[in-house]
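Count the sequence shown with the numbering used here and you get residues 892 to 1455, in order.
By construction, the Cβ of each residue, glycine as well, lies at the ideal position given by its N, Cα and C atoms.
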Amino acid sequence: MKKTGAQILCESLIKEGVEVIFGILGGALLPVYDTLPQYPQLRHILVRHEQGAAHAADGYARVTHKAGVCIATSGPGATNLVTGIANAYMDSCPMVAITGQVGRPFIGKDAFQETDITGITLPITKHNYLVDDTAELARTVKEAFYIAQTGRPGPVLIDMPKDVQQEEVEFTYPEKVDLPGYKFVSRGHLAQIKKAVGRINKAERPVIIAGRGIVISQAYNELKELAEKAQIPVVNTLLGISSFPGAHILNFGMIGMHGMAYANMAVQNADLIIAAGMRFDDRATANTKRFAPQAGVIHIDIDPAEIGKNVPVDIPIVGDVKNVLKAINKQIERRDHLDWITQLDQWRREHPLLGHDQGNELLPQYVIRQIQEATQGNTIIVTGVGQHQMWAAQHFVYTKPNSFISSGGLGTMGFELPAAIGAKVAHPEEMVWSIAGDGGFQMTVQELGTIAQENIAVKIAIINNGYLGMVRQWQELFYERRYVDTKLWNPDFVKIAEAYNISGIKVKSREEVAPAIQKAMDHPGPFLIDFVVEPEENVYPMVQPGESLSRLLETPKPEMISSY
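Here it is in structure tokens:
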């Protein structure tokens, strides 16, 4: 049966299980949008900026483990997706981005709103397509979803000329893909697994570093079994948060630049590192030449390009971390490592996180702790990037798997609000809190319009310190407090929310925090709280640039640098 390219796109999306598309229409996409009403199974959510569409698709994908879908018109619509696509690429998030393009006869002639979006996104996608044959569209969609969701996940872009959307061809959806050049290893090499088991069984001070790969492969049970069976402490990267129960006795928190002191001490004193689904990025390792100096390294990752890229590895295992851990668990011996865990517990008592229970000032750490207490961890937390992100990583206890959603590799301010939209649309029954900085919030504040129009019941906590906080902290510590253009003149965020018909409240004291959070949770729709916090509160601990994880600043006093 003959169908237009626009109909083929819609039917192909339905066959791939797509339920929601985030996007903004434009001239080069009008045939697709004119066709959408024929397919009520596809819910389209009109965002206010294409970057918001990409971040919403990203948030949707992270909580569902399915490819999120965003769509934008040609030219500026397509280029506005770029930051969100790059964000998904850096954080291994499955996404299919669809862009309109000028008609085939006009390509390469600088037509109105023509942009080479496949060229632009080549470095930030797993693959991309310019569809120049309508008969190939169905196969292209099938391949795009397969590539996005398999191996190491990531974004794939499909660029569709306008006349391809209009042209009629015979429609048959392929049952399978045939991609001889696309291969990935899902099961680890048995000899390497045997070597790893031998090293783990002999280790006296082992540490598991859990990364985002645990979340992607949903290897929560396998990680927990390994940790408990062999009594191995677990630390996590930023995006590995919520891969292991936060209150578990073997959980020693986040490592890295703003990681817990005791987590960094565990890594630096370990004799074996089991790196599971993490890539040894600079924010986690600090100075790689002085990272875990006493430890052998077992590195498990589905992407062979990551193994040995940043840190030398003794036992590389390429494969899906869930499958590899399952195989390791079958052979691993039961151990206790009592002396090692006792030592880590002592370090945890001697080097606690500070800030949430001190003084009468309204500190951001206190706000995070109060959200934790009110929700008891039964929520999804979505953050932007900056100080508020680190406080949310440090001070919230994540009891549910995959309940921490944040921008890691790209560090995208403004991610939090649209990504929270995607998470809430994916799981409307779940409570979703968007924890935002006052700077990042204003980068995507227009998505309040999307929230209002669709009545998406996201709870928004703005940590409002009147600065671009993390940059200000660096200016304070390393640039003699020269606060060049980090001070913000902020609007009244509550009034902005009310202008969108969203309820809100401003909080300036500790006594107001808990009642405000409860009011937000009791409210049936979206709710915004503007927490006006101490303007020059800093994130500690902090590993200074160029230093190793063994030297970190635990308090505001430089003389209090601890060495381990």
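Residue i - DSSP class collapsed to helix/strand/coil
i: Q992; result: strand
i: W870; result: Nothing about residue 870 can be reported from this structure: the residues present for the chain run from 892 to 1455 only.
i: R939; result: coil
i: D925; result: helix
i: Y1020; result: strand
i: G1199; result: coil
i: L900; result: helix
i: S1394; result: strand
i: I912; result: strand
i: A1029; result: helix
i: M1451; result: The predicted position of M1451 is uncertain, since its pLDDT is 49 and thus under 50; a value taken from the coordinates is nonetheless stated next. Reduced to three states, the DSSP call for M1451 is helix.
i: Q1435; result: coil
i: W1365; result: helix
i: V1424; result: coil
i: V1375; result: coil
i: V1276; result: coil
i: I1100; result: strand
i: G959; result: strand
i: V1288; result: coil
i: M1304; result: coil
i: T1446; result: coil
i: K894; result: strand
i: R1078; result: coil
i: L1013; result: helix
i: M986; result: strand
i: V1088; result: helix
i: Q1261; result: helix
i: L1440; result: coil
i: F1295; result: strand
Reference residue i, options the options, closest by Cα
i: H1080; options: C984, I1193 and E1338; result: I1193
i: F942; options: T974, R934 and L933; result: For clarity, residue 942 is Gln in the given sequence; the question names Phe instead. It is T974 whose Cα lies nearest to the Cα of Q942.
i: M1281; options: K1291, Q1261, G1268 and G1302; result: G1302
i: G1015; options: P1319, E1034 and M981; result: Sequence check: residue 1015 is Ile here, not Gly. The shortest C-alpha separation from I1015 is found at M981.
i: G861; options: E1321, A1317 and I1353; result: Residue numbering for the chain in the displayed model covers 892 to 1455; residue 861 lies beyond these limits and cannot be assessed.
i: A958; options: I1011, Q1040, K1033 and D925; result: Q1040
i: G1137; options: P1124, L1028, H1149 and E1402; result: P1124
i: I1107; options: K1315, E1402, I1296 and F1003; result: I1296
i: E1066; options: G1187, S1325, I1038 and K906; result: K906
i: P1436; options: V1273, I1396, N1214 and G1147; result: G1147
i: P928; options: V1202, A945, C901 and G917; result: C901
i: K1213; options: Y1257, G1104, E910 and L1163; result: G1104
Contact check, residue i vs residue j, beta carbons under 8 Å
i: Q1036; j: V987; result: The displayed chain sequence assigns Phe, not Gln, to residue 1036. Against a cut-off of 8 Å, the Cβ pair of V987 and F1036 comes out as a contact.
i: G1328; j: G1360; result: yes
i: L1021; j: I962; result: no
i: K1017; j: P1046; result: yes
i: A1087; j: I1008; result: no
i: T1025; j: V1068; result: no
i: Q1278; j: V1430; result: yes
i: D949; j: A1310; result: yes
i: V1204; j: V1158; result: no
i: V1055; j: L904; result: no
i: I1312; j: I1342; result: yes
i: I936; j: E1345; result: yes
i: D1383; j: V1398; result: no
i: G1305; j: L1379; result: no
i: G1102; j: M1169; result: yes
i: F1143; j: L1244; result: no
i: E1034; j: T895; result: no
i: A897; j: V923; result: yes
i: I1351; j: S1325; result: yes
Proximity test, residue i beta-carbon vs the ligand FMN heavy atom, cut-off 7 Å
i: K1086; result: As presented, the structure is devoid of all ligands, the ligand FMN included, so that no description of it is given.
Interface flag, residue i vs chain B, CB-CB below 8 Å
i: V1323; result: Chain labels in this structure do not include chain B; a single protein chain is all it has.
Could I get the ranges of all uninterrupted alpha helix (DSSP H) runs contained in the region 1128 to 1152, with 4 residues as the minimum, in chain order? With a minimum length of 4 residues, no continuous alpha helix (DSSP H) run stays inside the region 1128 to 1152.
Inter-stretch contact at 8 Å, needing at least 3 Cβ pairs: the region 1411 to 1418 / the region 1356 to 1370: Flag = no, the region 1411 to 1418 and the region 1356 to 1370 do not touch.
Does the region 966 to 975 come within contact of the region 990 to 1002, defined as at least 3 CB pairs closer than 8 Å? With a cut-off of 8 Å on Cβ pairs, the region 966 to 975 is in contact with the region 990 to 1002, counting three or more such pairs.
Starting from the N-terminal side, write out each stretch of the alpha helix (DSSP H) that is 4 residues or longer and does not extend beyond the region 1325 to 1360. Entirely contained in the region 1325 to 1360, the alpha helix (DSSP H) runs reaching 4 residues are, in chain order, 1329 to 1332 and 1339 to 1345.
Contact between the region 950 to 957 and the region 1067 to 1079 (3+ Cβ pairs under 8 Å): Put simply, the region 950 to 957 does not touch the region 1067 to 1079. Fewer than three CB pairs are less than 8 Å apart.
The region 1286 to 1305 touching the region 1115 to 1135, judged by at least three CB pairs closer than 8 Å: The region 1286 to 1305 and the region 1115 to 1135 touch, with no fewer than 3 CB-CB distances between them shorter than 8 Å.
Does the region 1268 to 1275 come into contact with the region 1113 to 1130, if we say contact requires no fewer than three beta-carbon pairs (one atom in each stretch) closer than 8 Å? A contact between stretches requires three or more CB pairs, one per stretch, nearer than 8 Å, and the region 1268 to 1275 fails this requirement with the region 1113 to 1130.
Continuous beta strand (DSSP E) assignments of at least 3 residues falling wholly in the region 1153 to 1230: Contiguous beta strand (DSSP E) elements confined to the region 1153 to 1230 occur at 1163 to 1167, 1187 to 1192 and 1206 to 1209, taking only those with 3 or more residues.
May I ask you to verify whether the region 1217 to 1230 touches the region 1111 to 1122, counting CB pairs closer than 8 Å and requiring at least 3? Three or more beta-carbon pairs separated by less than 8 Å link the region 1217 to 1230 to the region 1111 to 1122, which places the two stretches in contact.
May I have a chain-ordered list of the alpha helix (DSSP H) segments no shorter than 4 residues that lie completely inside the region 1031 to 1069? Fully enclosed alpha helix (DSSP H) runs of 4 or longer: 1053 to 1057.
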